[in-house]
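Take a look at the structure below.
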Amino acid sequence: MTLKLYYHPLSSFCQKTLVALYENDTAFEPVLVDFADTASREAFLELWPIGRFPVLVDDGRDQFVPESSIIIEYLDQHYPGKTKFIPADADVARQMRMRDRFFDLYVNVQMQKVVTDRIRPPDGNKDPYGVEQARGTLKVALDLVDEAMSKKTWAMGDDFTMADCAAAPALSYANQVRPFAESHPNAFAYLGRLSKRPSFARALKEAEPYWANFPKA
Ligand SMILES: N[C@@H](CCC(=O)N[C@@H](CS)C(=O)NCC(=O)O)C(=O)O
């Protein structure tokens, strides 16, 4: 197999790339990284000292590709399929990249901050101020998503793009951290459409056996 994805099924940024791979039935070898296992963690750090997944390795093209958005750009370029993740028009592509950044930085990363604080050891190691800031940013971001999604099917309108790959896990986990069905009905309806999309439904199903590891409030 030429493509290897280093990932974990529960990770939001990994799910983002799984959605892209599943959209186009792209063949790849999944390599599960378990940060709780010393050997697995150290092997991954050898590969990518930054220590964050997903990472895609393409042995056939001798390419090492970290970062979820860059991975999806790479798939779009070298392993294209029926779903085009990057719009052909340069202006539309830039607007799409902005939405991708938006879901990563203002939804996913803020949600991550809230969740990772739960697994920090107590006794002065918690960061309540940072968590409060993250919750504030998440609320503003959801307000904007709710407004933006009042008349659209997908983040860019009719076409499913990389921005939707980013939105799916980001909104799904945000809804765990801060249920928004009532406060943000358009954003919630969009999450419903994303969750029914076969690519994301598959990623969610594959994460189920690991749910016990998700740090609840
Ligand atoms: N900007 C990165 C973010 C990746 C990221 O934050 N991954 C998390 C999992 S969702 C991770 O590897 N966390 C491991 C750690 O923080 O030790 C991307 O888009 O791929």
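Going by the numbering used here, the sequence shown opens with residue 8, and the numbers climb by one from there. Yeah, the Cβ is synthetic: ideal placement off N, Cα and C, and Gly gets one too. Quick caveat: nothing in here was measured; it's all calculated off a predicted structure.
Checklist entry - In this structure, does DSSP put F195 in helix, strand or coil? => result helix
Checklist entry - Measuring CA to CA, which of T9, V38, L10, E30 is closest to P16? => result V38
Checklist entry - Under 9 angstroms, do A174 and L201 count as touching if we go by C-beta distance? => result yes
Checklist entry - Where does W161 fall in DSSP's three states? => result Of the three classes helix, strand and coil, the one that applies to W161 here is strand, per DSSP.
Next on the checklist: Here's the rule I'm using: 16 or more other beta-carbon atoms within 10 Å means buried, otherwise exposed. How should I126 be labelled?
Outcome noted: exposed
Checklist entry - Among the residues of its own chain, which have a CB less than 6 angstroms from the CB of F42, if the five just before and after it don't count? => result Closer than 6 angstroms at the Cβ level, and outside the excluded window around F42, lie R48.
Checklist entry - Taking Cβ to Cβ, would you say A170 is nearer than 9 angstroms to F110? => result yes
Checklist entry - Measuring from the CB of F42, is there a heavy atom of ligand 1 at a distance below 8 angstroms? => result yes
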